[in-house]
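Take the position in the sequence shown, starting the count at 1, then add 10; the result is the number in this note's numbering. Note that the Cβ used here is the ideal one computed from N, Cα and C, for glycine as well. Note that the structure is a prediction, hence the values are computed from the model and not measured.
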Amino acid sequence: MNGSRVLVLNSGSSSVKYQLLDMADGSRPASGIVERIGEGPVTDHAAALKQVADELAAKGLGLDSPELAAVGHRVVHGGTRFTEPTLITDEVVGEIEKLIPLAPLHNPANVTGIKVARSLRPDLPQVAVFDTAFHSTIPEAAARYAIDVATADRWGVRRYGFHGTSHAYVSRATAKLLGKEPAEVNTIVLHLGNGASASAVRGGTCVETSMGLTPLEGLVMGTRSGDIDPAAIFHLSRVGGMSTDEIDTLLNKRSGLAGLCGDNDMREIGRRMGEGDRAAQLAFDIYIHRLRKYVGAYTAVLGRVDAIAFTAGVGENSAAVREAAMRGLTAFGIEVDGVRNALRSAAARLISTEASRVAVAVVPTDEELEIASQTFDLVSA
Ligand code: AMP
C-alpha cells in the first residue's frame, strides 16, 4: 500500500456524504454531500456515487489517484456477525445484505454505496465500519430483552445499539481530555444529534447503550419517540386502526421533539421557549427528563462515573440542554460551571466545576476520522 488517504463514504437513504482524509498529515482535502437522491437529477445511489467521484476528480483527487489507500464505508447494522471493521469481499457484501431485514431503512443504501464504489475501483481495499460494533461488548444481561429466548434468537431480537463509531471516538477523546488512558475511565457518553443515544463505557469497553434492535429505542430524538410502552403499538393498531407502516412512520418520523412541538431543531425550540411557547417548553422538558433518567440509570450501571461527555449537534452546541440535564445532581458528584458551560468552542473542553467529582465535558465527535482511522489501521496492518 502506497497512499495515505482514505475516502470515507456515508451512504444514507437519501444522501451520500463523503470526506477525504489524509492520515499522514491529518488534512482533509475534500468533503461534500450529494442530497435528495431519487428526487431530482440524482436518480439513485449509483448516480450519487458517480457524482462524488466526479467532484473528487474535478479537484484532481479522483478515485484513481495513487494517494488513495482505501475507502471506508459507514454501515449501520452489523448484527452479531460484524464486531470489527471488516475488509469488504463479495462474501462480506452478501452478509451485510442478509442484515437488511434488521435495518431496512439504512443497510440497503450502505450496500449500494459499497457495490458502486467497488465497481468504480475494484482493486482498492474497501472497509466496512459498523455503527453497532462498539456495542458488541455489552453483556448479555444488558443486551437481551426479557422475551421468549427462542423467538428472540430466531429473529435476532436483541439490543445492538448504534452511533457506535461516535461513542468509541468520544469515550477515548474524553479519557485523553482527562489525561488518562481509556482503561482508567468510566464514562457516560451522551450523543445528542438529530438521532440521540447514551452509552455507558467502563474502562474503554461499552457495557450499555440506549438504542436497541433499531435506532428507535431510548432517548427522545428529533423525530423519533425513543422509549415507549410496546403495547401502545397494539393499541394504535387494534383501536386506532393504524397499519404497521403507519405506526412505524409515526414513531420514527412524527415523534420526538417534532411530534411534541412541530420542530426538531433545538435552536428553534430554544427560540420559541424564549417567547414563552408552552409546547416547545414541554418538548424540551420531556427531552431533558428522559436524558436525566438515563444518566441516573447509567450511573447505577457503572457504579463509579468519572466523566459525562456531551457530543453531536445538540450536545456540542446547546448549553441550555447541558445545564438542564445536569442541574441539581450534586448528590451524584456532578456540578456544572455556568461560565464554562456557556463558552462556545470547537475544542473538547471541561464544563464542570473544580469541585465536581464527575468531570462533565463537551467533546466534539468525529465519525469520519474514526472511520478513516479504523479503515487505515486495517489496510496498513
Ligand atoms: P447532528 O445530527 O449531530 O448533526 O445534530 C443536528 C441537531 O443539532 C439539529 O437538529 C439541532 O437540533 C442541533 N443543533 C445544531 N446546532 C445547534 C445549536 N447551535 N444550538 C442548539 N442545537 C443545535
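- Put simply, the backbone Cα of Ala68 is about 25 angstroms away from that of Ala119.
- Taking all protein chains shown into account, Leu292 has fewer than 16 neighbouring C-beta atoms within 10 Å of its C-beta and is therefore exposed.
- In this structure, DSSP gives Phe144 a helical state, which the three-state scheme calls helix.
- Those residues that have a beta carbon less than 5 angstroms away from any non-hydrogen atom of the ligand AMP are, in order along the chain, Gly203, Asn204, Asp275, Met276, Arg277, Ala322, Gly323, Val324, Asn327 and Ser328.
- A direct Cα-Cα distance of roughly 14 angstroms separates Pro374 from Ala206.
- Residue burial annotation: Ile198 is buried, with at least 16 other C-beta atoms found within 10 angstroms of its C-beta.
- Straight across, the Cα-Cα distance linking Val311 with Asn12 is about 45 angstroms.
- Rounded to the nearest whole angstrom, the CA to CA distance from Thr385 to Thr175 is 12 angstroms.
- Taking 8 angstroms as the cut-off, the beta carbon of Leu270 is found no closer than this to the beta carbon of Leu200.
- His245 counts as exposed, since fewer than 16 other C-beta atoms from the protein chains shown sit within 10 angstroms of its C-beta.
- The way I'd put it, the stretch 27 to 35 doesn't touch the stretch 133 to 151; fewer than three beta-carbon pairs between them come closer than 8 angstroms.
- Taking a C-beta distance under 8 angstroms as the contact criterion, Tyr170 and Leu223 qualify as a contact pair.
- Arg168 is positioned such that its CB atom lies closer than 8 angstroms to that of Tyr155.
- In this structure the stretch 234 to 241 lies against the stretch 260 to 278, because at least three pairs of beta carbons, one per stretch, are closer than 8 angstroms.
- Taken atom to atom, the span from the alpha-carbon of Gly348 to that of Leu226 is near 32 angstroms.
- Put simply, the backbone Cα of Met221 is about 12 angstroms away from that of His87.
- Here DSSP, grouped into helix, strand and coil, assigns Gly166 to coil.
- Between the beta-carbon of Tyr304 and that of Leu202 there is about 11 angstroms, and that puts the pair past the 8 angstroms contact cut.
- A distance of 8 angstroms or more separates the beta carbons of Thr53 and Thr147.
- With 16 or more other Cβ atoms inside 10 Å of its own Cβ, Ser328 counts as buried.
- Beta-bridge partners of Ile318 (DSSP): Ile198 and Val370.
- Selection Gly213, Phe172, Ala162 and His173 evaluated against Thr184 yields Gly213 as nearest (Cα-Cα).
- Counting only runs of at least 4 residues, the stretch 44 to 120 fully encloses the following alpha helix (DSSP H) elements, listed from N- to C-terminal order: 55 to 68 and 100 to 108.
- DSSP places Leu30 outside any alpha helix (DSSP H); the residue lies instead in the beta strand (DSSP E), whose first and last residues are Val26 to Asp32.
- In the DSSP annotation of this structure, Leu19 is not part of any alpha helix (DSSP H); the continuous beta strand (DSSP E) holding it starts and ends at Arg15 to Ser21.
- Going by DSSP, Thr215 is part of the beta strand (DSSP E) stretching over Thr215 to Thr219.
- For Arg302, no beta strand (DSSP E) segment is defined; the enclosing uninterrupted segment is the alpha helix (DSSP H) at Arg288 to Leu312.
- The C-alpha of Asp316 lies about 12 angstroms from the C-alpha of Ala193.
- Each of His55, Ala178, Ala369 and Asn274 was checked against the Cα of Asp376, and the nearest Cα belongs to Ala178.
- Straight across, the Cα-Cα distance linking Val85 with Phe320 is about 23 angstroms.
- Out of Ser25, Ser24 and Gly42, the CA that lies nearest to the CA of Leu17 is found in Gly42.
- Assignment of beta-bridge partners to Val211 by DSSP yields Thr197 and Cys216.
- Between Leu66 and Leu59, the gap from beta carbon to beta carbon reaches 8 angstroms or more.
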